[in-house]
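Engineer:
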Amino acid sequence: MTDEIKVGLVGYGFASKTFHAPLLMADEGMILKAISSSDATKVTADWPQVDVEASASALFARDDLDLVVIPTPNDTHYDLASAALAAGKHVVIDKPFTVTLDEAESLTQQASRAGKLLSVFHNRRWDADFLTVRELLERGDLGRIAHFESHFDRYRPEVKTRWRESGAPGGGIWYDLGPHLIDQALVLFGMPEEMSLDQACQRDGAQVDDYFHAVLRYGQQRVILHAGSLMAAPAPRFSVHGTHGSYVKHGLDPQEDMLKRGERLPTPEWGEDHQHGLHTVADVHDAGARPELREVPTRAGNYPAYYAGIRDAIGGRGANPVPPEDALAVMRVLEAGRRSAQNERFERLA
């Protein structure tokens, strides 16, 4: 293995074009060698130096690739990842890991037998606001956390003709945005004892869930994960309440919008979020005292850290930034939520 990781990208849809190709190109240790696509002109218009293969199988057959990245429709993840591992490649899969926990466990075992890296692109571990929340909690600034609320609210009133909003396996907002919020909650708090999920199809013509509200129980602590598609006035992105005060943050991490606008790394202000959060500092000795309000500068987001971690893990210089065990935990919560919504009850997890 040379120091440079040669990469193949499966497909050139939204996720490949917006996230993976630009982030791979920005990493000095990665070389994006080839992309599989039925529309070569679309690829070469953006990346003329990259080879185009007509199919994923042709991509996997190349002997000059170390890593294959799979940002395709959810119900294709298992078959494509299994084929890539069988071809001797390291594999990164976009979230969610697979459509079922059984598939995810099978891939994990296959990668282990093959001695290949397998990772899931949980990029929102490197959101600006999440990095800030994580730092606050690690420092203990809010004391013991009693209530944690994480929202991903959007206003998208029209149902689009695309696989994410169809009845295809893995479609719907729970499998789209749920993995982001679940993974962040598990990083902060670990596996909950039990959870409940409420889902709904709220937009006219919706075929799959476009709303969810999940409650995760950790003893007396509550973690709320919420997303909707008819939120013209979104709630705070994070609301965190503890024995020493509260933290409230509005607005979404800017990196996705930066990538959509075609901004390319490196830039000096990459990932900077100028919507800062507010820390309400309680007086633990006088509950009636007027609380102190402090602005909390939001740390810069850092999506490039994911592929830097993949590069170092393949090169033997670091740990997998999102190992399959972490992604399996997310799958456990996704499936428990689906059962909860079907049975209208809390599901045990620990």
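The sequence shown begins at 216 in the numbering used here and counts up one residue at a time.
All C-beta atoms, glycine included, are put in the ideal place defined by N, C-alpha and C.
A quick note: this is a predicted structure, and the numbers were derived from the prediction, not measured.
(1) Please report the straight-line C-alpha distance between N338 and D498, rounded to a whole angstrom.
(2) Would you say L403 lies against chain D (beta-carbon separation less than 7 Å)?
(3) Check this for me: beta carbons of P394 and K475, under 7 Å apart or not?
(4) Does T347 pass the burial test, meaning 16 or more other C-beta atoms within 10 Å, or should it be called exposed?
(5) Our contact map puts L332 next to A551 with C-beta atoms below 8 Å; I'd like the distance itself, whole angstroms only.
(6) Roughly how far, in whole angstroms, is the beta-carbon of S231 from the beta-carbon of P286, given that I think they are within contact range, below 8 Å?
(7) Report yes if the C-beta distance between D368 and G443 is below 7 Å; otherwise report no.
(8) For L351, collect the residues of the same chain with a Cβ closer than 8 Å to its Cβ; drop the 5 residues on either side in sequence, then sort them by chain order.
(9) Decide yes or no for the touch test of the segment 383–401 against the segment 276–294: beta carbon pairs closer than 8 Å, at least 3 of them.
(10) Could you give the DSSP three-state label for K221: helix, strand or coil?
(11) Under the rule that 16 or more other beta-carbon atoms within 10 Å means buried, what is E268, buried or exposed?
(12) Should T566 go down as buried or exposed, given a rule of 16 or more other Cβ atoms within 10 Å for buried?
(13) So, V306 versus A299, is the Cβ gap smaller than 7 Å?
(14) Taking the Cβ atom as the reference point for each residue, do D344 and D541 lie within a distance shorter than 7 Å?
(15) For H465, which residues in the same chain have their Cβ closer than 7 Å to its Cβ, ignoring the five residues on either side in sequence?
(16) Would you tell me roughly how many angstroms separate the C-alpha atoms of F234 and R505, rounded to the nearest one?
(17) By Cβ distance below 6 Å, which residues in the same chain neighbour V265 in space, the five residues on each side in sequence not counted?
(18) What distance in whole Å lies between the Cβ atoms of R526 and M245, which are believed to be in contact at a cut-off of 8 Å?
(19) Given that a residue counts as buried once 16 or more other Cβ atoms are within 10 Å of its Cβ, and exposed if not, what is T513?
(20) From this set, D279, T259, V258, which residue's C-alpha is nearest V222's C-alpha?
(21) Could you tell me the alpha carbon to alpha carbon distance between E179 and D242, rounded to whole angstroms?
(22) Does DSSP classify G460 as helix, strand or coil?
(23) Quick check on DSSP: helix, strand or coil for V537?
(24) Using only alpha-carbon positions, find the residue among F427, E409, Y426, D424 that is nearest to Y433.
(25) Is it right to say Y370 is buried, meaning 16 or more other beta carbons lie within 10 angstroms of its own, or is it exposed?
(26) Please name the residue, chosen from I360, A415, L431, that lies closest to L396 on a Cα-to-Cα basis.
(27) Pull up the distance between the alpha-carbon of Q325 and that of T315, whole angstroms please.
(28) Taking C-alpha atoms, which residue in Y227, A421, I360 lies nearest to E261?
Structural biologist: Per the coordinate set shown:
(1) Cα to Cα, N338 sits roughly 36 Å from D498.
(2) Considering every chain present, this structure includes no chain D. It has just one protein chain.
(3) Against a cut-off of 7 Å, the Cβ pair of K475 and P394 comes out as no contact.
(4) Burial call: buried.
(5) Taking the Cβ atoms as the reference, L332 lies roughly 27 Å from A551, outside the contact range of under 8 Å.
(6) Right, their Cβ atoms sit about 5 Å apart.
(7) Against a cut-off of 7 Å, the Cβ pair of G443 and D368 comes out as a contact.
(8) Apart from sequence neighbours up to five positions away, the residues of its chain that approach L351 with a beta-carbon distance below 8 Å are L357, V455, Y462, H494, V511, ordered along the chain.
(9) Under the Cβ criterion (8 Å, minimum of three pairs), the segment 383–401 counts as touching the segment 276–294.
(10) In the three-state reduction of the DSSP assignment, K221 falls in the strand class.
(11) Buried, because 16 or more other Cβ atoms sit within 10 Å of the Cβ of E268.
(12) Within the shown structure, residues of the chain are numbered from 216 to 565, placing residue 566 beyond reach of any answer.
(13) Yes.
(14) Against a cut-off of 7 Å, the Cβ pair of D541 and D344 comes out as no contact.
(15) Hits under 7 Å: P451, R452, Q490.
(16) Cα to Cα, the separation comes out at about 45 Å.
(17) So the qualifying residues of the chain are L247, I250.
(18) The C-beta distance from M245 to R526 rounds to 6 Å, short enough to meet the 8 Å contact threshold.
(19) Buried is the call here.
(20) Looking at D279, T259, V258, the one whose alpha-carbon comes closest to that of V222 is D279.
(21) Coverage of the chain is limited to positions 216 through 565, which leaves residue 179 absent and any answer about it impossible.
(22) Strand.
(23) Reduced to three states, the DSSP call for V537 is coil.
(24) In terms of Cα proximity to Y433, the closest of F427, E409, Y426, D424 is E409.
(25) Exposed.
(26) Comparing alpha carbon positions, the residue from I360, A415, L431 closest to L396 is L431.
(27) About 16 Å.
(28) Per the sequence shown, residue 261 should be read as Asp rather than Glu. Nearest option by C-alpha distance: Y227.
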